[in-house]
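In our numbering, the protein residues as written are 1 to 916. Heads up, the beta-carbon is just placed ideally off N, CA and C, and yes, glycines get one too. To start, the structure itself, in structure tokens.
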């Protein structure tokens, strides 16, 4: 289940209510018998089957993937008393199978389908993504039609899955902010079911009768309560015909969907909730009732949330973070189908003045009339929101997912209409909604104070959705890019690879993309083991400070400049390097590259930003002291650390890290940048819509001539055998325990048996829903929400660095952690003693090949791939050979790799939780 602090944070203006019905022509598919066409907006067309199923098709040949997203109009909002958490529990059970598909995760894994599902307040959605393949799409549509009405929803599955869901609940309860916001929500609402999050009440999840779940399933999981979204490289005619073939035979139910009539009354005074739990993180937050998404004020509220909550230009950041009253702050409007909540939150330093921070937070939220929001603030916020929306619409698969939230709020077209509404928001609108809703009597912080003349916030009702969206056609669809099959061979043929200067390796892959997007991945290298020893903290902090002020521009000005260039920028550094990551547009690439180069070469290291970051880091470290995950991971890092104290790769304790942070001086950062930084050695990859000749010339000018005073020499890393070890830590009042396990391995990426061993580890624990560990610990025994295994292989340009490892991670209730550890050890021992089967190898290899193919559908992933190949002096031939090695694997090779590398008797285990 996925939940957010705020969702659907944009609004819709009522001026659309009387627009005439005008549907786009010439874009819809050929209609199968009895299928009717609905509206088309910006390349997305709606259809309806006779049984009530609504279908959205969004064809885009420029991405070699397909996303299928089935959205049901049911969430925690539809649950009754004693049945909280039922919608989410049912979401889990729908992966348990049907008579036709008894092992849904396994069947999806065999086909290389990436899958998941989420439950929210007003909807549940099941989504899957895969490389475009007609057979896979046909199979998946058949599966979704089958489990819509034929899922077994059995008592045996409920018994095991209930404990998995309960463990998910326990994991959430480890999060201080999540717990606080959940309590505030329950206090803010008197009667509306938005008071209850989808995870539900523990007692309801533990005791819900299977008959209730089955009845809930039969009521809500029907074609007339669903929206099917198919997006990506599809043929609209063929896809619609397949949808009709698979879903058309489903009967429209005779029942009428239940209607809900509860309206939350106007809040009549301040409210307060205090949560007291173990931990080191202090927070203060407030929330206010606001209108539904379809009500006109939600657009201005979305802008208000950005004006208040943006980092670094938001009012909360300036008033709380820059003054050191808080280390972080944010705000956002959660408008939904029914009236929702506007949230404001601040994270305080461990020794911060909570009362002073609370007073300032309330002043910023509730005293806007004393300092009204300006037109400049509104325009900057609208630009940021517009950038996010434009980035979304450039990604067809992301749009397919985002439509879930807007359909849940009433209609999928709200995605486009609220974008248009935000574009028209003025400063007067923002100040009006701030005065109307962000007032003490509408606040949950809080306190209850009797008032002779209460000033209450009347929340207007939402108009009928049809009156808002009927006839809406939207803007012109975003221009699609070229069809490019991202095979290793095609990537190699299209990519230009060369060296600038003495050591700056470059790969350029130009292609036309949707929205003319382009990705830059640059990594520069410098320094050697002797030179960096004793200066590792300064090295890391130089990277963190680069964007905090450079070339005479402040942090806020740099962020605003990249926003104006429609570029997402990440610029940082580490022990032996610096990095630039840009995701932007063809027309602004040159300016964005030049600005990034300035940031790298001319950092200002402002004192106030240094102190701000240091306070955030110290607070973050202190907040982790009592967390089970941190306790276990620190213990494992200490045990496996081969480096002496003072070595740059030594694993510092929390106290050592704090001491280094407190001793660090700004002059240390300036000296590190002066002594080490340079860009003449490294790797740059550029993928997307750009002029390769112009980019080559600009890269030469910006980066090739700046040499580091200390040339790069990598620090060699070697396999270190470690005997089996076990440690346990008690973390009071933490209902979710953590297990980490590790065995060191002598392993390099280029080793001949690396593919075989990685497939073996995938079979053991590569998929959290379908692997040996998942089958036993999650699916059969219901002990854990999450258990997985991973393999780390070392890499090097010359020689054979071989510091590899097998790791396993699991969470569980503390009382179940002993069973989890036993099961883990038994499954690892069984893997070594009995080996794997030929079918397991075939399934895992098929999934791996599809996963590798799927990753190449992303320009960012391709840029990372090209940069990595340059780093280790490889070409795409290495990728082609590795694909072939996977496909040629035999069960004998995999079992040989298991016997050679995996030693259950050498596994070390670290557990932390509230063990009684």
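Which residue wins for smallest C-alpha separation from residue i, given the options the options?
{"i": "residue 852", "options": "197, 131, 753", "result": "131"}
{"i": "residue 392", "options": "514, 278, 587, 739", "result": "514"}
{"i": "residue 761", "options": "773, 707, 751", "result": "773"}
{"i": "residue 781", "options": "766, 751, 805, 820", "result": "820"}
{"i": "residue 900", "options": "173, 207, 803, 754", "result": "754"}
{"i": "residue 377", "options": "797, 309, 75", "result": "309"}
{"i": "residue 262", "options": "372, 461, 480, 518", "result": "461"}
{"i": "residue 268", "options": "188, 635, 29", "result": "188"}
{"i": "residue 297", "options": "204, 432, 363", "result": "432"}
{"i": "residue 613", "options": "779, 545, 915", "result": "545"}
{"i": "residue 458", "options": "823, 679, 430, 292", "result": "292"}
{"i": "residue 556", "options": "381, 704, 67", "result": "381"}
{"i": "residue 915", "options": "816, 369, 830", "result": "816"}
Could you tell me the alpha carbon to alpha carbon distance between residue i and residue j, rounded to whole angstroms?
{"i": "residue 444", "j": "residue 333", "result": "15 Å"}
{"i": "residue 903", "j": "residue 232", "result": "44 Å"}
{"i": "residue 259", "j": "residue 591", "result": "55 Å"}
{"i": "residue 172", "j": "residue 768", "result": "18 Å"}
{"i": "residue 55", "j": "residue 435", "result": "41 Å"}
{"i": "residue 284", "j": "residue 83", "result": "31 Å"}
{"i": "residue 316", "j": "residue 722", "result": "49 Å"}
{"i": "residue 696", "j": "residue 379", "result": "35 Å"}
{"i": "residue 24", "j": "residue 473", "result": "No answer about residue 24 holds up, because its pLDDT of 32 lies below 50 and its placement is not dependable."}
{"i": "residue 16", "j": "residue 203", "result": "Interpretation of residue 16 is limited by its pLDDT of 23, a score under 50 that renders its predicted location unreliable; the figure taken from the coordinates is listed afterwards. Taking the straight line from one Cα to the other gives about 45 Å."}
{"i": "residue 766", "j": "residue 758", "result": "9 Å"}
{"i": "residue 138", "j": "residue 242", "result": "7 Å"}
{"i": "residue 543", "j": "residue 570", "result": "10 Å"}
{"i": "residue 807", "j": "residue 361", "result": "43 Å"}
{"i": "residue 149", "j": "residue 127", "result": "17 Å"}
{"i": "residue 905", "j": "residue 516", "result": "54 Å"}
{"i": "residue 718", "j": "residue 746", "result": "8 Å"}
Residue j and residue i - do their beta-carbons sit closer together than 7 Å?
{"i": "residue 347", "j": "residue 328", "result": "yes"}
{"i": "residue 547", "j": "residue 558", "result": "yes"}
{"i": "residue 756", "j": "residue 893", "result": "yes"}
{"i": "residue 289", "j": "residue 145", "result": "no"}
{"i": "residue 58", "j": "residue 396", "result": "yes"}
{"i": "residue 628", "j": "residue 770", "result": "no"}
{"i": "residue 690", "j": "residue 510", "result": "yes"}
{"i": "residue 912", "j": "residue 731", "result": "yes"}
{"i": "residue 425", "j": "residue 299", "result": "yes"}
{"i": "residue 220", "j": "residue 74", "result": "yes"}
{"i": "residue 129", "j": "residue 65", "result": "yes"}
{"i": "residue 810", "j": "residue 787", "result": "yes"}
{"i": "residue 850", "j": "residue 856", "result": "no"}
{"i": "residue 117", "j": "residue 91", "result": "yes"}
Between residue i and the rest of its own chain, which residues show a CB-CB distance below 7 Å, the 5 nearest in sequence each way excluded?
{"i": "residue 244", "result": "32, 35, 49"}
{"i": "residue 658", "result": "618, 621"}
{"i": "residue 607", "result": "666"}
{"i": "residue 280", "result": "350, 622, 623, 625, 626"}
{"i": "residue 483", "result": "61, 62"}
Counting only the same chain and skipping the five closest in sequence on each side, list residues whose C-beta sits under 6 Å from that of residue i.
{"i": "residue 528", "result": "713"}
{"i": "residue 664", "result": "537"}
{"i": "residue 314", "result": "308"}
{"i": "residue 481", "result": "62, 512, 513, 514"}
{"i": "residue 859", "result": "519, 687, 688"}
{"i": "residue 157", "result": "93, 96"}
{"i": "residue 885", "result": "755"}
{"i": "residue 551", "result": "598, 602"}
Am I right that residue i and residue j are in contact with their C-beta atoms under 8 Å? What's the rounded C-beta distance?
{"i": "residue 589", "j": "residue 687", "result": "Actually they are not in contact, since the Cβ atoms of residue 589 and residue 687 sit about 12 Å apart, beyond 8 Å."}
{"i": "residue 69", "j": "residue 404", "result": "6 Å"}
{"i": "residue 642", "j": "residue 737", "result": "Not confirmed; about 28 Å, so no contact."}
{"i": "residue 800", "j": "residue 873", "result": "Their Cβ separation, rounded to whole angstroms, is 14 Å, which puts residue 800 and residue 873 out of contact at 8 Å."}
{"i": "residue 910", "j": "residue 632", "result": "4 Å"}
{"i": "residue 326", "j": "residue 67", "result": "So it is not a contact: roughly 38 Å between Cβ atoms."}
Under the criterion of a Cβ to heavy atom distance below 6 Å, does residue i qualify as lining the ligand FAD?
{"i": "residue 335", "result": "In terms of ligand content, the structure shown is empty, and the ligand FAD therefore cannot be addressed."}
Ordered along the chain, which non-local residues of its own chain (more than five positions away) have a Cβ less than 8 Å from that of residue i?
{"i": "residue 561", "result": "553, 595"}
{"i": "residue 427", "result": "372, 373, 374, 375, 377, 378"}
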